[in-house]
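In the working numbering, the protein residues as written are 146 to 364.
What follows is the structure, given as structure tokens:
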């Protein structure tokens, strides 16, 4: 069994959370409320739409709430412009390609969102698999999406590393037995470590990332 790297999408490969927050608030305004960034970070970031519907729109019923959130995703996609990957990501992907380490994306984002973002970043060809949580029996925070990514890449969790920025994503990665790098794009490093991140970094330039990967390869 080989090593692999598995990346979350929003907030991990690219900082798009401000766009998501704007799109949510456009739709939530129709129902007389808004959410601020701390609420978004605590209760929305990294969650599947089914969970967001239960938290914020229980009065609508499941079908109507999911239809509203589908409109939110359309609004978000209309905002996506000129995406820039998190600093240092391209260099890291070049390095792991030279090392022969396969990479995948594991996300709770809808497939249309994920494909749009990866194409916008020019990175779709860099990843050998794209795992969509809502297409599985369980999305994050359940470990199934990460276990699915490992299975598709033929990788061993003990040798592999996940990159996450949300508590639900970190729970999923750790539940799958992965070593975890926390991207402190929305949460402070100490919070990431409190949720179990082995290291918490500002971006992919941090040398601890390659050190950690090298350690996993030698495991």
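C-beta atoms are modelled at their ideal positions from N, C-alpha and C, and glycine is treated no differently.
> Three-state secondary structure (DSSP) at residue 214?
Replying inline: Collapsing the DSSP output to three states places residue 214 in a helix.
> Taking just the CA atoms, how far does residue 207 sit from residue 199?
Replying inline: 8 Å
> Ends of the beta strand (DSSP E) at residue 241?
Replying inline: Boundaries around residue 241 are those of the alpha helix (DSSP H), 234-243, since no beta strand (DSSP E) includes it.
>> What does DSSP give as the partner residue(s) for residue 155 in the beta ladder?
In response: Answer is 159, bridged to residue 155.
> Does the segment 264-274 come close enough to the segment 240-250 to have 3 or more Cβ pairs within less than 8 Å?
Replying inline: yes
> Per DSSP, what kind of secondary structure is residue 326 in: helix, strand or coil?
Replying inline: Judged by DSSP in its simplified three-state form, residue 326 adopts strand.
> Contact between the segment 327-334 and the segment 350-364: three or more CB pairs below 8 Å?
Replying inline: No, because fewer than three Cβ pairs between the segment 327-334 and the segment 350-364 fall closer than 8 Å, the two stretches do not touch.
> Do residue 164 and residue 225 come within 8 Å of each other at the CB atom, strictly closer than that value?
Replying inline: Cβ distance < 8 Å, so residue 225 and residue 164 count as in contact.
>> Can you tell me whether residue 216 is buried or exposed? The criterion is at least 16 other CB atoms within 10 Å of its CB, across all chains shown.
In response: exposed
> Per DSSP, what kind of secondary structure is residue 293 in: helix, strand or coil?
Replying inline: helix
>> Rounded to whole angstroms, what is the Cα-Cα separation between residue 109 and residue 296?
In response: Nothing about residue 109 can be reported from this structure: the residues present for the chain run from 146 to 364 only.
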